[in-house]
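Student: Residue numbers (full-length UniProt numbering): 1 to 66.
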């Protein structure tokens, strides 16, 4: 269960359909795919959860695939 300390501003960056389905209806959680996450999403979030596969995708985006 998500802690109330997260204060309704949790950003989840993930392509995992099971995780997205589990969190989709929870209040205060925004789910974004790693190819669609932007600076505004990151700045508005109080807490950010990024799964390991999404970290790899973000690294490739930020380094132009190198």
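Beta carbons are placed, not taken as given, at the ideal position from N, Cα and C, and that holds for glycine. Computed from a prediction, not measured in an experiment: that's the story for all the values here.
May I have the straight-line CA-CA distance separating residue 28 from residue 63, to the nearest angstrom?
Tutor: Locating residue 28 in the chain shown gives position 28, where the first residue counts as 1. Locating residue 63 in the chain shown gives position 63, where the first residue counts as 1. Cα to Cα, residue 28 sits roughly 31 Å from residue 63.
Student: How about residue 49 and residue 30: do their beta carbons lie closer than 8 Å?
Tutor: For the purposes of this step, residue 49 is taken as the residue at position 49 of the chain shown. For the purposes of this step, residue 30 is taken as the residue at position 30 of the chain shown. In this structure, residue 30 does not lie closer than 8 Å to residue 49 by Cβ.
Student: Is there contact between the stretch 52–60 and the stretch 17–25, where contact requires at least three CB pairs shorter than 8 Å?
Tutor: Verdict: no, contact absent.
Student: Look at residue 51 and residue 14 and say whether their C-beta atoms are less than 8 Å apart.
Tutor: Counted from its first residue, the chain shown places residue 51 at position 51. Counted from its first residue, the chain shown places residue 14 at position 14. It is a contact, given that the beta carbons lie within the stated cut-off.
Student: Could you give the uninterrupted runs of the beta strand (DSSP E) lying entirely in the stretch 12–50, keeping only those of 3 residues or more?
Tutor: Counting only runs of 3 or more, we get 29–32, 47–50.
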